[in-house]
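Undergrad: Just passing along the structure, written as structure tokens.
There are 2 protein chains.
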Amino acid sequence: MSGIYAGVDLGGTNIKAVIARSSGEILAESNTPTLAHEGPQKVLDRIAAIVEELVRQVGHPPQAVGMGCPGLVDVEKGITRFFPNLPTQWRDVPVAAVLGQKLGCPVRLLNDVRCATLGEQSFGQGRDVATMVFFAVGTGIGGGVIVDGKLRLGPLGAAGELGHQTVLPDGPLCGCGNHGCLEALASATAIAAEGLRLMRGGMASALYQRIQGDANQITPRVMAEVAGLDPAVRDVLVRAARWLGIGVANAVTILHPELVVLGGGVAEIGDLLLDEVRAVVRKRVGMFPTDDVRMERSQLGEQAGVLGAIAWAAKGI
Amino acid sequence: MSGIYAGVDLGGTNIKAVIARSSGEILAESNTPTLAHEGPQKVLDRIAAIVEELVRQVGHPPQAVGMGCPGLVDVEKGITRFFPNLPTQWRDVPVAAVLGQKLGCPVRLLNDVRCATLGEQSFGQGRDVATMVFFAVGTGIGGGVIVDGKLRLGPLGAAGELGHQTVLPDGPLCGCGNHGCLEALASATAIAAEGLRLMRGGMASALYQRIQGDANQITPRVMAEVAGLDPAVRDVLVRAARWLGIGVANAVTILHPELVVLGGGVAEIGDLLLDEVRAVVRKRVGMFPTDDVRMERSQLGEQAGVLGAIAWAAKGI
Numbered sequence: 023m024s025g026i027y028a029g030v031d032l033g034g035t036n037i038k039a040v041i042a043r044s045s046g047e048i049l050a051e052s053n054t055p056t057l058a059h060e061g062p063q064k065v066l067d068r069i070a071a072i073v074e075e076l077v078r079q080v081g082h083p084p085q086a087v088g089m090g091c092p093g094l095v096d097v098e099k100g101i102t103r104f105f106p107n108l109p110t111q112w113r114d115v116p117v118a119a120v121l122g123q124k125l126g127c128p129v130r131l132l133n134d135v136r137c138a139t140l141g142e143q144s145f146g147q148g149r150d151v152a153t154m155v156f157f158a159v160g161t162g163i164g165g166g167v168i169v170d171g172k173l174r175l176g177p178l179g180a181a182g183e184l185g186h187q188t189v190l191p192d193g194p195l196c197g198c199g200n201h202g203c204l205e206a207l208a209s210a211t212a213i214a215a216e217g218l219r220l221m222r223g224g225m226a227s228a229l230y231q232r233i234q235g236d237a238n239q240i241t242p243r244v245m246a247e248v249a250g251l252d253p254a255v256r257d258v259l260v261r262a263a264r265w266l267g268i269g270v271a272n273a274v275t276i277l278h279p280e281l282v283v284l285g286g287g288v289a290e291i292g293d294l295l296l297d298e299v300r301a302v303v304r305k306r307v308g309m310f311p312t313d314d315v316r317m318e319r320s321q322l323g324e325q326a327g328v329l330g331a332i333a334w335a336a337k338g339i
Numbered sequence: 023m024s025g026i027y028a029g030v031d032l033g034g035t036n037i038k039a040v041i042a043r044s045s046g047e048i049l050a051e052s053n054t055p056t057l058a059h060e061g062p063q064k065v066l067d068r069i070a071a072i073v074e075e076l077v078r079q080v081g082h083p084p085q086a087v088g089m090g091c092p093g094l095v096d097v098e099k100g101i102t103r104f105f106p107n108l109p110t111q112w113r114d115v116p117v118a119a120v121l122g123q124k125l126g127c128p129v130r131l132l133n134d135v136r137c138a139t140l141g142e143q144s145f146g147q148g149r150d151v152a153t154m155v156f157f158a159v160g161t162g163i164g165g166g167v168i169v170d171g172k173l174r175l176g177p178l179g180a181a182g183e184l185g186h187q188t189v190l191p192d193g194p195l196c197g198c199g200n201h202g203c204l205e206a207l208a209s210a211t212a213i214a215a216e217g218l219r220l221m222r223g224g225m226a227s228a229l230y231q232r233i234q235g236d237a238n239q240i241t242p243r244v245m246a247e248v249a250g251l252d253p254a255v256r257d258v259l260v261r262a263a264r265w266l267g268i269g270v271a272n273a274v275t276i277l278h279p280e281l282v283v284l285g286g287g288v289a290e291i292g293d294l295l296l297d298e299v300r301a302v303v304r305k306r307v308g309m310f311p312t313d314d315v316r317m318e319r320s321q322l323g324e325q326a327g328v329l330g331a332i333a334w335a336a337k338g339i
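Respectively, the protein sequence lines represent chains H and B.
Mapping of the first sequence onto our numbering: residues 23 to 339, in sequence order.
Mapping of the second sequence onto our numbering: residues 23 to 339, in sequence order.
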């Protein structure tokens, strides 16, 4: 047994891949456009070629491949179920079998954010904790829950969807079909939409100047850059952080974890976000003291997914 | 080893106690007023006397005593922390040591709703499931979470407070200090308060007649009895059930349990409640199909607590 694994993070835009030891030490890595419009077969060919190239670089075949997928997968069978954000038809594609045949080793699928949760547990903020929750706050809000050291999967590997708690029953429509999910209120998409409203409404002149009025350039990070100049933009970030704080407070109230990790692009806004989340948790968790609940930004950042895929490959099922 | 245990459920109004086998077979039981105003020492004397009397009836000493407490306890140390609903000072009372000395066997404390959760898992709806959540909907809304067969405690035995999720950020004040907790919107107390509003506002003539205008008699059960005659009363019950459905949907989204059990007095309203909860879960859990999530009323009813105390006594820590 070589102790060497491959990790793949299949995203809507890019395929990230690494070869790494089970310790998390990365031996080779790559980042390639997904070109998802070409459909599952071409994308799987591409993934196989990427892994083979990394294996050539390392000179060592992996014992197994772990792969984070942007949606619902049948973990046991290694079959895709539903990828809401990838174009073309990904329903019931036997990815583990197809890739396993090409690469000559077992391939293990998992939802991408559950992968990132596992990454953060294995190699990031969660190395010394038994129970933690992970919020991936990006285009959407994904999540993952680890109880007593074990990733909570549920029958479909779909447990841990912390971004799809209802926190405002009559709130905006969410991509999942529900109204008032945390994701609909605090994701990068929701924040950017508010940024657009302010900019077009003449309430964010610094934002307008920063991106020359180009709505396509509005992101939470750009908004954070001008927050010191545009009080209304700052207010949007604070309000999103408060929603996120409510989501975190609910997870804390239900699970009393030792650790809450915030990952994804929005977490990179910085202290403003984390300070507000901590304040909301202090205020809203009334049933027990929360001094012992650590709340931190992801330590692995964009690497959480591929490193989690390594941990998943090494774990077996 | 006799396999015989004592279970105690300390409530604000009554002390329930049983002697039972670890199989859940009850050998003797009693129900006695708590008289909580007399303070911890007298109440603990009373509990010891009750257990001793039951032991006399059975003719067999228990191997251990499990005790459900109405608040926060230090599970490891067997010390009370905070009982919000009992008068007099219950902070830091070494209940396990005091009762253990009197009764000559180990005494194990646990929050009362976590006890009921354990009861329902061990002897009720949850006998064949690994992962379940329990909502105790009464004066307040308590909860409990079981993951992979194990009751989730957290460092203070306080995890599982499903009634203290924020589901309406600017909602009514909750006893825990937060605003918009599920408890503040869907507990028996919240339902009765709405009943009062309707009755005094002239919108609930059948309710008025049923209890001769006596506000002290308003309960969810009485309201359920007149719901067929007073549409506004029925609307209050449906709305409370919808809030409860949101709380259940959130727990399902986060944990994807096999089973959700609704206990406590409000659960006895009947099908109206459960039907609405199921409908809301179907509607609001958008990330995965929920056909495999059973939602049921408690099978043990008021016995869930003492039977859970038996299970807790038998488990050890």
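Cβ atoms here follow ideal geometry from the backbone N, Cα and C, with glycine treated the same way.
Since the model is a prediction, treat every value here as computed from it, not as a measurement.
1. Where does residue 297(B) sit, in a helix, a strand or coil, going by DSSP?
2. Tell me the residue span of the alpha helix (DSSP H) that contains residue 253(B).
3. To the nearest angstrom, how far is the alpha carbon of residue 261(B) from that of residue 242(B)?
4. Is there at least one Cβ from chain H nearer than 9 Å to residue 229(B)'s Cβ?
5. Quick one: which residues of the region 102-120 of chain H get their C-beta closer than 7 Å to a C-beta of chain B? List them in chain order.
6. Hey, quick one: how far does the beta strand (DSSP E) through residue 156(H) stretch, first residue to last?
7. Check this for me: beta carbons of residue 98(B) and residue 309(H), under 9 Å apart or not?
8. Cβ of residue 2(B) less than 9 Å from any chain H Cβ?
9. Find out if the Cβ-Cβ distance for the pair residue 265(B), residue 218(B) is shorter than 9 Å.
10. Cα-Cα, which of 200(H), 208(H), 139(H), 275(H) is closest to residue 291(H)?
11. Give me the chain H residues within the contact set of residue 174(B), using Cβ-Cβ distance strictly less than 7 Å, ordered along the chain.
12. Contact criterion: CB-CB distance below 9 Å. Does residue 328(H) meet it with respect to chain B?
13. If we count the other Cβ atoms within 10 Å of its Cβ and call it buried at 16 or more, is residue 24(H) buried or exposed?
14. Of the residues 211(H), 234(H), 178(H), which one's Cα is nearest the Cα of residue 221(H)?
15. May I have the straight-line CA-CA distance separating residue 37(B) from residue 329(B), to the nearest angstrom?
16. Report buried or exposed for residue 202(H), applying the criterion of at least 16 other Cβ atoms within 10 angstroms of its Cβ.
17. To which residues of the same chain is residue 155(B) closer than 6 Å at the C-beta, ignoring the five residues directly before and after it?
18. With residue 89(H) as the anchor, note down where its alpha helix (DSSP H) starts and where it stops.
19. Closer than 7 Å, Cβ to any Cβ of chain B: which residues of the region 307-320 of chain H, in chain order?
20. Where residue 304(H) and residue 187(B) are concerned, what is the direct C-alpha to C-alpha distance, given to the nearest angstrom?
21. Helix, strand or coil, according to DSSP, for residue 205(B) in the structure here?
22. Beta carbon of residue 86(H), beta carbon of residue 129(H): below 9 Å?
23. When you compare the region 145-163 of chain B with the region 115-125 of chain B, are there three or more beta-carbon pairs, one atom per stretch, that lie closer than 8 Å?
24. Among the residues of its own chain, which have a CB less than 7 Å from the CB of residue 216(B), if the five just before and after it don't count?
25. Tell me whether residue 113(B) is buried or exposed, calling it buried when 16 or more other Cβ atoms sit within 10 Å of its Cβ.
26. Going along the chain, which residues of its own chain have a beta-carbon closer than 6 Å to the beta-carbon of residue 306(H), five neighbours each way excluded?
27. Is DSSP giving residue 103(H) helix, strand or coil here?
28. Under 8 Å Cβ-Cβ, which residues of chain B neighbour residue 186(H)?
29. Report the residue from 276(B), 269(B), 277(B), 275(B) whose alpha carbon sits nearest the alpha carbon of residue 284(B).
30. How about residue 216(B): is its C-beta nearer than 9 Å to some C-beta of chain H?
31. Would you call the CB atoms of residue 335(B) and residue 88(B) closer than 9 Å?
32. Threshold first: 3 residues or longer. Then list the beta strand (DSSP E) segments lying entirely within the region 123-195 of chain B, N to C.
33. Smallest Cα separation from residue 147(H): which of 317(H), 337(H), 232(H), 250(H)?
34. Do residue 165(B) and residue 276(H) have their C-beta atoms closer together than 9 Å?
35. One question on the structure: do residue 100(B) and residue 131(B) come within less than 9 Å of each other, judged by their Cβ atoms?
36. Is the Cβ-Cβ distance between residue 62(B) and residue 35(B) less than 9 Å?
TA: With the given structure in hand:
1. helix
2. 253-277
3. 12 Å
4. no
5. none
6. 154-159
7. no
8. Since the first residue shown for chain B is 23 and the last is 339, residue 2(B) is missing from the structure and cannot be characterised.
9. no
10. 208(H)
11. 169, 277
12. no
13. exposed
14. 234(H)
15. 13 Å
16. buried
17. 167, 273, 279, 282
18. It is not in any alpha helix (DSSP H) - residue 89(H) instead sits in the beta strand (DSSP E) that spans 87-91.
19. 308, 309, 310, 314
20. 14 Å
21. helix
22. yes
23. no
24. 258
25. exposed
26. 271
27. strand
28. 275, 307, 308, 309
29. 269(B)
30. no
31. yes
32. 129-133, 154-159, 163-169
33. 317(H)
34. yes
35. yes
36. no
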